[in-house]
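A quick write-up on the structure given underneath.
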């Protein structure tokens, strides 16, 4: 694989990671805002935007434990397994990578808490709806990776 293809694939992977992280930050922010609203706290548009941005940055690079490291590791493992499966079975790239992205976020929000005394590491994953939204975000990130990495490979072959 040439350096250009590796660089492009890395950029596509990082974009897929950002998509998944957007869902993590947005779900966490919006679930917290929903709770604040339920206790009659006034929520404005500027509060929503600032909280989304703060959570996206805070969960990615700041804080005691950057969640983005877990998301990167989960997606990398899942996409590697999907890459191997593509060589064995005939399935559309977008579909297998979407399933892989969903499996990665499933492992993060459902299985990982089992190792930490049922403690949800992501606040937005405390409810079944939250877990579903995050898993869907992983599937969207995987679909993006499958669609865009296919174009990278196709461009290299031509």
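Numbering (this note's numbering), first residue to last: 16 to 173. Just so it is clear, CB atoms sit at the ideal spot from N, CA and C, and this is done for glycine as well. Since the structure is predicted, the reported quantities are computational estimates derived from the model, not experimental observations.
Query, Result
"Secondary structure of residue 77, DSSP reduced to three states", "coil"
"Nearest neighbour of residue 74, chosen from 136, 90, 122 and 150 [CA to CA]", "136"
"Residue 111 vs residue 101 beta-carbon contact at 7 Å", "yes"
"Contacting residues, own chain, Cβ-Cβ under 6 Å from residue 153 (five flanking each side not counted)", "35, 116, 117, 119 and 120"
"Proximity winner among 53, 93, 58 and 17, relative to residue 28 (alpha-carbon distances)", "93"
"Beta-carbon contacts of residue 157 that lie in its chain and below 6 Å, excluding the five residues immediately before and after", "112, 113, 115 and 116"
"Reduced DSSP category for residue 57 - H, G, I as helix; E, B as strand; rest coil", "coil"
"Closest residue to residue 142 among 20, 42 and 19 (Cα-Cα distance)", "42"
"Through-space distance from residue 86 to residue 150, alpha-carbon basis", "12 Å"
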